Amino acid sequence: SGAAWARGLLSWARPERWLPSGSLFPLSCLHTSTSLQRIGKWEKKNRIVYPPQLPGEPRRPAEIYHCRREIKYSKDKMWYLAKLIKGMSIDQALAQLEFSDKKGAKVIKEVLLEAQEMAVRKHNVEFKSNLHIAESQTGRGRYVKRLRCHGKGMFGMMKISRCHYFVKLVEGPPPPPEPPRTGFEQAKEYVQQLRNRTLVHTL
Amino acid sequence: LLVLVPSPLPRLRALLQRCWGRLERGLWPGVFGGQSPPWGPALAVQGPALVPQGISDTGTPSLLESVVWMAAPKQRRTIEVNRCRRRNPSKLIEIKRNIDVCPECGNLKQKHVLCGYCYAKVKEETRLIRMEIYKKEGGPFNAPAVETVVLYEGEKPTEKDEGKRIIERAKKRPSWFVQN
Chain A
1 SGAAWARGLL SWARPERWLP SGSLFPLSCL HTSTSLQRIG KWEKKNRIVY PPQLPGEPRR
61 PAEIYHCRRE IKYSKDKMWY LAKLIKGMSI DQALAQLEFS DKKGAKVIKE VLLEAQEMAV
121 RKHNVEFKSN LHIAESQTGR GRYVKRLRCH GKGMFGMMKI SRCHYFVKLV EGPPPPPEPP
181 RTGFEQAKEY VQQLRNRTLV HTL
Chain B
1001 LLVLVPSPLP RLRALLQRCW GRLERGLWPG VFGGQSPPWG PALAVQGPAL VPQGISDTGT
1061 PSLLESVVWM AAPKQRRTIE VNRCRRRNPS KLIEIKRNID VCPECGNLKQ KHVLCGYCYA
1121 KVKEETRLIR MEIYKKEGGP FNAPAVETVV LYEGEKPTEK DEGKRIIERA KKRPSWFVQN
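The listed protein sequences derive, respectively, from chains A and B. Per this note's numbering, the first sequence runs over residues 1 to 203. Per this note's numbering, the second sequence runs over residues 1001 to 1180.
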């Protein structure tokens, strides 16, 4: 079956095999995308389809990927909000963002509500509150350099920064927070590392 | 102080510079123990012309000494150091623990702040009442010197409302606007 799979994989590269001679090449299967319509990797993550689960396996929780591109905000400032909501349930995250004074909080709240609605409509999530935020990241958008005029005819170049925001919602209650690493644990790990060392070129 | 200028062959010059450097740093003590150093013929120039001492006469201080020294970073801060500073727990946003549910409308509200939805509701109704007042007064500076009472559909003024200005609103009384 491995050989057949490999053959099947390679056979797509030969169009004359799967098109009868003399017919028009169907243009619908060509993926032409310009830079404006480039679909990002995060959007494509929603398209993966897992094989059906076997009867004995535990239920795989639903994962919803959503993002917003080119938000007019700094990625470093947005990171603080993304760090705030990491690991929270969606209700708690929405509550925190509603009363946050930052500009990015409003944007992230919209993104979360959109993702929640997507989850209920398309991704077969039963309860919209049964979601938690598994990952929330920020990325750098396209920067633009502009002139900033100072007094006495001096000027500087400023960069207008934009950012992207990515979020992954997973069905289920949020995982319990990890207990902070104590000094005792770190010391135990260190001692264990020393004990794991092997001596070479000795008796 | 004699300063030797080495002979013009570039490789020999590089070698001599390295040897001289080693001698100066004391890494080659054996040379001066016995014979004279293996230099070729070279120019010797008097010292003071090439190595000027500091100007001993005072006069006006030069520009370099009168400038006030400003603090400037000595080394570029690495990204690890920057991250430690930016991600320090004191700089992270704290989670707010004073968020409750409004008993009237069910939206979220902060404990010490009015519910945003209820406030917006009241604000809208007040705006409509103000529009009625404006229609009745007809212009600025026409406010009467008596109290105002707002009456909704199907309400009659009571004895307590004698002498007060009455504003009619063509709407059912909202449940939150309690009538005296």
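Where a beta carbon is used, it is the ideal one built from N, C-alpha and C, also for glycine. All values reported here derive from a predicted model rather than from experimental measurement.
In chain order, what residues of the same chain lie with their CB nearer than 8 Å to the CB of residue i, ignoring the 5 residues before and after it?
i, result
"A:P175", "G87 and H132"
"A:F184", "none"
"A:Y80", "K102"
"B:K1160", "N1180"
Residues in its own chain within less than 6 Å of residue i by CB, not counting five upstream and five downstream?
i, result
"A:S161", "S74 and Y143"
"A:W42", "Y65, C67 and F166"
"A:R97", "According to the sequence displayed, residue 97 of chain A carries Leu and not Arg. The residues are A105, I108 and K109."
"A:K136", "One point to set straight first is that residue 136 of chain A is Ser, not Lys, in the sequence displayed. Correct list, in chain order: A82, I85, K86 and V167."
"A:S129", "D91"
"B:L1108", "I1099"
"A:T138", "K75, M78, W79, A82, C163 and Y165"
"B:P1073", "none"
Straight-line CA distance for residue i to residue j?
i, j, result
"A:K45", "A:V170", "13 Å"
"A:R148", "B:K1096", "37 Å"
"A:F99", "B:W1176", "25 Å"
"B:N1098", "A:L112", "22 Å"
"A:V191", "A:E63", "40 Å"
"A:Q92", "B:N1082", "30 Å"
"B:K1171", "A:S89", "42 Å"
"B:V1178", "B:Y1152", "11 Å"
"B:G1116", "B:L1128", "19 Å"
"B:R1173", "B:V1146", "23 Å"
"B:V1149", "B:N1180", "10 Å"
"B:P1144", "B:I1167", "13 Å"
"B:C1102", "B:L1092", "28 Å"
"B:P1140", "A:K103", "39 Å"
"A:R181", "B:G1021", "53 Å"
"B:V1113", "A:M78", "26 Å"
"B:R1130", "B:N1142", "13 Å"
"B:K1156", "B:E1162", "11 Å"
"A:V125", "B:E1104", "30 Å"
"B:G1154", "B:K1135", "21 Å"
"B:C1084", "A:L203", "45 Å"
"A:N196", "A:E189", "10 Å"
"A:P173", "A:R60", "14 Å"
"A:Q37", "A:A187", "52 Å"
"A:L194", "A:H201", "18 Å"
"B:I1079", "A:K145", "23 Å"
"A:A95", "B:E1065", "60 Å"
"B:R1025", "A:G151", "53 Å"
"B:E1132", "B:T1158", "21 Å"
Quick check: is any heavy atom of the ligand HEM less than 7 Å from the C-beta of residue i?
i, result
"B:P1103", "For the ligand HEM, the structure offers nothing, since it holds no ligand at all."
Identify whether residue i lies in helix, strand or coil by the three-state DSSP scheme.
i, result
"B:I1099", "strand"
"A:T138", "strand"
"A:T198", "coil"
"A:C67", "strand"
"B:E1162", "coil"
"B:K1074", "coil"
"A:I108", "helix"
"A:G156", "strand"
"A:V125", "coil"
"A:F184", "helix"
"B:R1130", "helix"
"B:V1081", "helix"
"A:Q92", "helix"
"B:I1093", "coil"
"A:I133", "strand"
"B:E1137", "helix"
"A:I85", "helix"
"B:K1109", "strand"
"A:R38", "coil"
"A:K168", "strand"
"A:K103", "helix"
"A:R146", "strand"
Kindly list the residues whose CB is nearer than 7 Å to the CB of residue i, restricted to its own chain and excluding five residues on each side of it in sequence; keep chain order.
i, result
"A:R140", "K75 and C163"
"B:K1164", "V1146, E1147, T1148 and V1149"
"A:A115", "I64, H66, V167 and L169"
| Touching by the beta-carbon criterion (3+ pairs, under 8 Å), the stretch 70-81 of chain A and the stretch 38-57 of chain A | Counting Cβ pairs under 8 Å, fewer than three are found: no touch.
| message | Closer than 8 Å is the cut-off here; do at least three beta carbon pairs connect the stretch 149-157 of chain A with the stretch 74-85 of chain A? | response | no
| At least 3 beta-carbon pairs within less than 8 Å: the stretch 118-127 of chain A vs the stretch 1116-1128 of chain B | no
| field | Positions along the stretch 1090-1119 of chain B whose CB lies within less than 7 Å of some CB in chain A | value | L1092, I1093, I1095, K1096, I1099, L1108 and Q1110
| query | Mind listing which residues of the stretch 154-171 of chain A have their C-beta closer than 9 Å to chain B's C-betas, in chain order? | reply | Taking 9 Å as the Cβ-Cβ cut-off against chain B, none of the residues of the stretch 154-171 of chain A qualify.
| request: Identify each residue in the stretch 71-87 of chain A for which the Cβ-Cβ distance to at least one residue of chain B is less than 8 Å, and report them in chain order. | output: D76, Y80, L81, K83 and L84
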